[in-house]
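Student: Take a look at the following structure, please.
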């Protein structure tokens, strides 16, 4: 079994990924940003020997460096890096209305953070000749899609697409893969729900008839992380249930 480093792994989509790794017998190090109570609640749910929870702001290189060092000190190596955290501006606004602070936050949290984590973890992955990197995007990010009123976030994520593919090419000889999963419109309680739960509720908004869930994303992440998924690298996979997230709004 290996060790996974998951940013923002205590809630939302990240929680389902954390649960999936633990279910398969891996150990995990997960970060949280502000919700200390939720982090403490999660820590009580799982054996202390299998999980470590650390406070970290992914926009801070120092925070990320300390978190990785702590994870490696306790578990020895990081085999899987899951870049689940990604700051998002919920208010819809055009590029011209973004503040410089908002722009910088989107870039630091969604692009720079991945750069820093890869710099910190790839050297050991090379030594062990194994590593799995999974980043998060948005629908059709691989096609450099424009997303009205989401300019800063989408620009950062499209940049991350190119970074993901570049790392896939550069690190393939070391047994390291890099892929991206692009969630659809998964909101509210559905982020921490199961596929079975979603099938109990009709959703006319999504073409397949049910809402996407955190489990849908976790299943995709876990596929990318399989030992035998080494032929799958540099890919961008949409998990949307057929919904056009960019051009349709609730």
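In this note's numbering, the protein residues as written are 97 to 346. Every residue gets a Cβ at the ideal spot worked out from N, C-alpha and C, and that includes glycine.
Please identify the residue among 102, 104, 113 and 140 whose C-alpha is closest to the C-alpha of residue 289.
Tutor: For residue 289, the nearest C-alpha among the options comes from 113.
Student: For the beta strand (DSSP E) containing residue 225, name the first residue and the last one.
Tutor: Neither: residue 225 is in no beta strand (DSSP E) and is coded neither H nor E.
Student: Under a three-way DSSP split, which group does residue 150 fall into?
Tutor: Here residue 150 sits in strand by DSSP.
Student: Would you report the Cα separation of residue 230 and residue 265, rounded to the nearest angstrom?
Tutor: Near 14 angstroms, if we compare the C-alpha coordinates of residue 265 and residue 230.
Student: Hey, residue 329 and residue 268 are a contact pair by Cβ (cut 8 angstroms); roughly how many whole angstroms apart?
Tutor: At roughly 6 angstroms, the Cβ-Cβ gap stays under 8 angstroms, so residue 329 and residue 268 are in contact.
Student: Report the three-state DSSP secondary structure of residue 309 (helix, strand or coil).
Tutor: Coil.
Student: Roughly how many angstroms lie between the CA atoms of residue 105 and residue 179, to the nearest whole one?
Tutor: When rounded, the distance between both Cα atoms is 9 angstroms.
Student: Under 7 angstroms Cβ to Cβ from residue 98, same chain only, skipping five residues before and after it: list those, please.
Tutor: Around residue 98: 122, 175 and 176.
Student: Quick one: grab the DSSP three-state call for residue 161.
Tutor: Residue 161: helix per DSSP, three-state reduction.
Student: Taking buried to mean at least 16 other C-beta atoms within 10 Å of its own C-beta, is residue 209 buried or exposed?
Tutor: It is buried - the Cβ of residue 209 has at least 16 other Cβ atoms within 10 Å.
Student: May I ask which residues mark the beginning and end of the beta strand (DSSP E) holding residue 251?
Tutor: It is not in any beta strand (DSSP E) - residue 251 instead sits in the alpha helix (DSSP H) that spans 247-267.
Student: In whole angstroms, what is the alpha-carbon distance linking residue 346 and residue 254?
Tutor: Confidence at residue 346 is low in this model, with a pLDDT of 49, below 50, so the placement of that residue should be treated as unreliable; the coordinate-derived value is given next. Cα to Cα, residue 346 sits roughly 24 angstroms from residue 254.
Student: Below 8 angstroms on the Cβ atoms is my contact criterion, and I expect residue 124 with residue 147 to pass it. Report the Cβ-Cβ distance as a whole number of Å.
Tutor: At roughly 5 angstroms, the Cβ-Cβ gap stays under 8 angstroms, so residue 124 and residue 147 are in contact.
Student: Which residue marks the beginning of the alpha helix (DSSP H) containing residue 138, and which one marks its end?
Tutor: Residue 138 -> alpha helix (DSSP H) spans 132-141.
Student: Tell me the DSSP secondary structure of residue 125 in three-state form.
Tutor: The answer is strand: DSSP assigns residue 125 an E or B state.
Student: Per DSSP, what kind of secondary structure is residue 232 in: helix, strand or coil?
Tutor: In the structure shown, residue 232 sits in a strand (DSSP, three-state: E or B).
Student: So residue 245 packs on residue 157, CB below 8 angstroms; how close in whole Å?
Tutor: The pair is not a contact, with the Cβ atoms about 29 angstroms apart (cut-off 8 angstroms).
Student: What whole-angstrom Cβ distance do residue 332 and residue 238 have, given they're in contact under 8 angstroms?
Tutor: Their Cβ separation, rounded to whole angstroms, is 3 angstroms, which keeps residue 332 and residue 238 in contact under 8 angstroms.
Student: Using the C-alpha atoms, what's the distance from residue 103 back to residue 126?
Tutor: Approximately 6 angstroms, taken between the alpha carbons.
Student: So is residue 312 buried or exposed if we call it buried at 16+ other beta carbons inside 10 Å?
Tutor: Flag for residue 312 reads buried.
Student: Which first and last residues belong to the beta strand (DSSP E) in which residue 276 is found?
Tutor: Taken as a continuous stretch (DSSP letters only), the beta strand (DSSP E) holding residue 276 covers 272-279.
Student: Reducing DSSP to helix, strand and coil, say where residue 346 ends up.
Tutor: Note that residue 346 scores 49 on pLDDT, short of 50, meaning its location in the model is unreliable and no value can be drawn from it.
Student: If you draw a straight line from the C-alpha of residue 151 to the C-alpha of residue 161, how long is it?
Tutor: Answer to the nearest angstrom: the Cα atoms are 12 angstroms apart.
Student: Sorted by chain position, which residues of the same chain lie with C-beta nearer than 6 angstroms to residue 306's C-beta, five sequence neighbours on each side aside?
Tutor: Here the set comprises 294, 295 and 299.
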